[in-house]
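Visitor: Numbered continuously in my numbering, the sequence shown closes out at residue 418. A virtual CB, placed ideally from N, CA and C, is assigned to each residue, including glycine.
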Amino acid sequence: MNPSPTVAIPIPVSRPVLGDLELEYVTRALGEGAVSGFCGDYLARFEAEFAAFCGTAHGVAASSGTAALHLALLALSIGPGDEVLVSTLTNMATFFAVLYQRAIPIPIDVEEDTWNIDPALLERRVTPRTRAIVVVHLFGHPVDMDPVMEVARRHGLKVVEDCAQAHGALYKGRRVGSIGDVGCFSFYANKIITTGEGGMITTRNRRLADRARSLKNLAFGQPNKFMHTEVGFNYRMTNLQAALGCAQLQRIDALIEQKRQIARWYGEQLSELRNLKLPVEKSYAKNVYWMYHVELTGADAYRRDAVMRALADEGIETRQGFVPANLQRIFQREPWARASSCPKANRASGSSFYLPSGCSTSAADVQRVTTALRQILESR
Ligand SMILES: *Cc1c(COP(=O)(O)O)cnc(C)c1O
39 MNPSPTVAIP
49 IPVSRPVLGD
59 LELEYVTRAL
69 GEGAVSGFCG
79 DYLARFEAEF
89 AAFCGTAHGV
99 AASSGTAALH
109 LALLALSIGP
119 GDEVLVSTLT
129 NMATFFAVLY
139 QRAIPIPIDV
149 EEDTWNIDPA
159 LLERRVTPRT
169 RAIVVVHLFG
179 HPVDMDPVME
189 VARRHGLKVV
199 EDCAQAHGAL
209 YKGRRVGSIG
219 DVGCFSFYAN
229 KIITTGEGGM
239 ITTRNRRLAD
249 RARSLKNLAF
259 GQPNKFMHTE
269 VGFNYRMTNL
279 QAALGCAQLQ
289 RIDALIEQKR
299 QIARWYGEQL
309 SELRNLKLPV
319 EKSYAKNVYW
329 MYHVELTGAD
339 AYRRDAVMRA
349 LADEGIETRQ
359 GFVPANLQRI
369 FQREPWARAS
379 SCPKANRASG
389 SSFYLPSGCS
399 TSAADVQRVT
409 TALRQILESR
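(1) Which one or two residues does DSSP pair with S125 in a beta bridge?
(2) Rounded to whole angstroms, what is the Cα-Cα separation between R245 and T152?
(3) Using beta-carbon positions only, say whether C397 and V55 come within less than 8 Å of one another.
(4) Hey, is K229 close to ligand 1, as in C-beta under 7 Å from one of its heavy atoms?
(5) With respect to the beta strand (DSSP E) encompassing H96, which residues constitute its N-terminal and C-terminal limits?
(6) Starting from Q358, follow its DSSP beta bridges and name the residues at the other end.
(7) Rounded to the nearest angstrom, what separates L195 and E121 at their Cα positions?
(8) Report yes if the C-beta distance between I144 and M187 is below 8 Å; otherwise report no.
(9) If L334 sits next to L314, beta carbons under 8 Å apart, how far is it from one beta carbon to the other, in whole angstroms?
(10) Could you tell me if the beta carbon of S387 falls within a distance shorter than 7 Å of some heavy atom in ligand 1?
(11) Find the nearest neighbour of H179 within the set G259, E352, A301, judged by alpha-carbon distance.
(12) Tell me the residue span of the alpha helix (DSSP H) that contains S115.
(13) Quick check on DSSP: helix, strand or coil for G103?
(14) Give the straight-line distance between the Cα atoms of N277 and C77, rounded to the nearest whole angstrom.
(15) Distance, Cα to Cα, N331 vs R251?
(16) Mapping the DSSP letters down to three states, classify E333 as helix, strand or coil.
(17) Looking at C-beta atoms only, is the number of pairs between the stretch 91-111 and the stretch 232-240 that lie closer than 8 Å three or more?
(18) Measuring CA to CA, which of I116, H205, S101, D200 is closest to L293?
(19) Please report the distance separating the alpha-carbon of P317 from that of Q139.
(20) What does the Cβ neighbour count give for R169, buried or exposed, with the cut at 16 atoms within 10 Å?
(21) Determine the DSSP secondary structure at L349, reduced to helix, strand or coil.
(22) Are there 16 or more other CB atoms within 10 angstroms of the CB of E199, so buried, or fewer, so exposed?
(23) Does DSSP put G396 in a helix, in a strand, or in coil?
(24) Quick one: what does DSSP say R289 is sitting in, helix, strand or coil?
(25) Please name the residue, chosen from I290, R367, F360, S224, that lies closest to K382 on a Cα-to-Cα basis.
(26) Strictly by DSSP, which residues pair up with N272?
(27) Going by other Cβ atoms of all chains shown within 10 Å of its Cβ, with 16 needed for buried, is Y340 buried or exposed?
(28) Determine the extent of the alpha helix (DSSP H) in which A410 is found, giving its start and end residues.
(29) Just verifying my parser: in three-state terms, what is the DSSP assignment at D58?
(30) Quick check on this structure: which residue in G236, V326, Q296 has the alpha carbon closest to the alpha carbon of Y209?
(31) Could you tell me whether any non-hydrogen atom of ligand 1 is closer than 7 Å to the CB of N255?
(32) Could you tell me which uninterrupted alpha helix (DSSP H) segments, each at least 4 residues in length, are contained entirely in the stretch 162-246, listed from first to last along the chain?
Have a look at this one:
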């Protein structure tokens with residue numbers, strides 16, 4: 039059945055790229071009956087290969103990116119009353135993980151161009167109770183890590199990298215997830231590679247990895263397994279999910295190259311448009327462009343929702359940018375959350391959205407999206 043020529047085929051924001059290799063690995067795991075993480079060999083292989091990809095000695099798989107973030111804070115012994123400086127513009131999972139530990143997240147505003155945590159704002163927020171910094175490599179662009187690590191070193195703070203949107207991104211030639219104390223990744227369906235649901239922490243610190251490995255598996259004891267060493271969690275990834283992960287990891291370089299190609303196509307088509315701010319790539323960075331986010335500026339800054347609706351009418355799916363922690367309604371009464379404290383994140387949040395940028399987005403899709411966007415922005 040051919041769609042009528044006047045009805046546009048919808049272009050989704052993102053869809054995972056799955057192929058024969060994924061089918062082969064998952065089928066093999068199933069055929070062996072190796073569904074959990076306690077049998078089969080994909081889980082250990084996925085952990086080792088992903089850690090090697092990131093340039094760290096250890097990888098500990100988890101059931102989600104949120105679980106990985108929580109595990110990282112658990113392994114670092116972040117606890118009640120500890121203050122953690124967190125980039126305010128992120129998926130709220132980053133903040134929730136801190137709150138699971140009854141620690142106090144301190145929202146930090148972002149840089150205007152990358153929308154990543156502004157390292158220049160960190161030092162003035164350090165108090166005697168500050169224990170850690172959680173940075174987020176937002177939309178695939180690495181955080182400027184050197185000044186972050188410098189503040190951490192001066193004040194004895196731990197650094198957690200939320201790499202859920204940035205698998206493979208480079209900061210001065212180093213992979214994200216290998217720079218701070220712990221890196222946290224997500225393999226949710228729309229991330230750079232996917233296991234359906236899943237996550238991983240990466241670290242060069244063997245003791246941290248061991249602690250995380252125990253905590254994610256109910257902290258079973260030894261030699262008596264059922265005499266537990268502490269209160270544990272079930273944050274385990276299954277061997278089936280890891281089979282998918284191993285297959286995805288084999289194609290990660292191509293997926294990243296495709297993301298960069300899509301960003302180039304958008305850049306070529308959109309760079310001339312007035313009132314539209316495009317993603318950047320700083321000289322220290324290799325951006326993996328997880329999602330191609332744009333910001334309406336000037337007289338168009340207040341038209342975001344209308345522009346998104348007009349694109350939807352053309353069958354083009356978009357998503358609005360994240361709502362920063364300091365604007366979340368559920369946090370309004372928290373003493374650490376002041377709506378006005380992060381003006382740059384607030385502005386970006388209200389006027390930004392992201393365009394279709396899954397790896398299956400074609401040059402023709404980008405052409406259609408940019409043509410529609412140009413028409414919408416030029417008509418008012
Ligand atoms: C997706 C995401 C998470 C959460 O990962 P899940 O696998 O969905 O739990 C955390 N932080 C950021 C920045 C994310 O994009």
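Guide: On the basis of the supplied data:
(1) The sequence position of residue 125 within the sequence shown is 87, counting from 1. Answer is I146, bridged to S125.
(2) Working through the sequence shown from its first residue, we reach residue 245 at position 207. Working through the sequence shown from its first residue, we reach residue 152 at position 114. Straight-line Cα distance between these residues: approximately 33 Å.
(3) Start at 1 with the first residue of the sequence shown, and residue 397 comes out as number 359. Start at 1 with the first residue of the sequence shown, and residue 55 comes out as number 17. A contact, by the Cβ cut-off of 8 Å.
(4) On the sequence shown, position 191 is the one that residue 229 refers to. Answer for K229: yes, Cβ within range of ligand 1.
(5) In the sequence shown, the residue the question calls residue 96 occupies position 58. From DSSP, the beta strand (DSSP E) with H96 extends over 96-100.
(6) Taking the first residue of the sequence shown as position 1, residue 358 is located at position 320. In the DSSP output, where bridge partners are listed per residue, Q358 has F391.
(7) Residue numbering aside, residue 195 sits at position 157 when the sequence shown is read from its first letter. Residue numbering aside, residue 121 sits at position 83 when the sequence shown is read from its first letter. Each residue's Cα considered, the two are about 10 Å apart.
(8) Taking the first residue of the sequence shown as 1, we reach residue 144 at position 106. Taking the first residue of the sequence shown as 1, we reach residue 187 at position 149. No. Outside cutoff.
(9) Numbered from 1 along the sequence shown, position 296 holds the residue referred to as residue 334. Numbered from 1 along the sequence shown, position 276 holds the residue referred to as residue 314. With 8 Å as the limit, L334 and L314 qualify as a contact, their Cβ atoms being about 6 Å apart.
(10) The residue given as residue 387 occupies position 349 in the sequence shown. S387: no, Cβ never under 7 Å from ligand 1.
(11) Indexing the sequence shown from 1 puts residue 179 at position 141. Nearest C-alpha to H179: A301.
(12) The residue given as residue 115 occupies position 77 in the sequence shown. First-last for S115: undefined, no H or E at that position.
(13) Within the sequence shown, numbered from 1, the residue matching residue 103 stands at position 65. It is helical.
(14) In the sequence shown, counting from the first residue as 1, residue 277 sits at position 239. In the sequence shown, counting from the first residue as 1, residue 77 sits at position 39. C-alpha separation (whole angstroms): 7 Å.
(15) Translated into the one-based positions of the sequence shown, residue 331 becomes position 293. Translated into the one-based positions of the sequence shown, residue 251 becomes position 213. Per the sequence shown, the amino acid found at residue 331 is His instead of Asn. In a straight line, the C-alpha of H331 is about 35 Å away from that of R251.
(16) Counting from one through the sequence shown, the residue named residue 333 turns up at place 295. The answer is strand: DSSP assigns E333 an E or B state.
(17) yes
(18) For this step, residue 293 is matched to residue 255 along the sequence shown. If we check each option's Cα against that of L293, H205 comes out closest.
(19) Reading the sequence shown from its first residue, position 279 is the one you call residue 317. Reading the sequence shown from its first residue, position 101 is the one you call residue 139. Rounded to whole angstroms, P317 to Q139 spans 34 Å at the Cα level.
(20) The count along the sequence shown starts at 1 and reaches residue 169 at position 131. Its Cβ being crowded by 16 or more others within 10 Å, R169 is buried.
(21) Translated into the one-based positions of the sequence shown, residue 349 becomes position 311. Looking at L349 - three-state DSSP - the assignment turns out to be helix.
(22) As a first step, residue 199 is located in the sequence shown; it is residue number 161 there, counting from the start. Classification of E199: buried, given that the 10 Å Cβ count is 16 or more.
(23) Within the sequence shown, numbered from 1, the residue matching residue 396 stands at position 358. The answer is coil: DSSP assigns G396 none of H, G, I, E or B.
(24) Stepping through the sequence shown from its first residue, residue 289 is reached at position 251. The answer is coil: DSSP assigns R289 none of H, G, I, E or B.
(25) Along the sequence shown, read from residue 1 onward, the residue named residue 382 stands at position 344. Comparing Cα positions, the closest option is F360.
(26) Numbered from its first residue, the sequence shown carries residue 272 at position 234. N255.
(27) Working through the sequence shown from its first residue, we reach residue 340 at position 302. Flag for Y340 reads exposed.
(28) Here residue 410 refers to the residue found at position 372 of the sequence shown. Where A410 is concerned, the enclosing alpha helix (DSSP H) stretches over 401-416.
(29) As a first step, residue 58 must be located in the sequence shown, where it is residue number 20. Of the three classes helix, strand and coil, the one that applies to D58 here is helix, per DSSP.
(30) What you label residue 209 is simply residue 171 of the sequence shown in a count that begins at 1. Y209 has its Cα closest to that of V326, out of G236, V326, Q296.
(31) For this step, residue 255 is matched to residue 217 along the sequence shown. No, the Cβ of N255 stays beyond 7 Å of every heavy atom of ligand 1.
(32) 183-193
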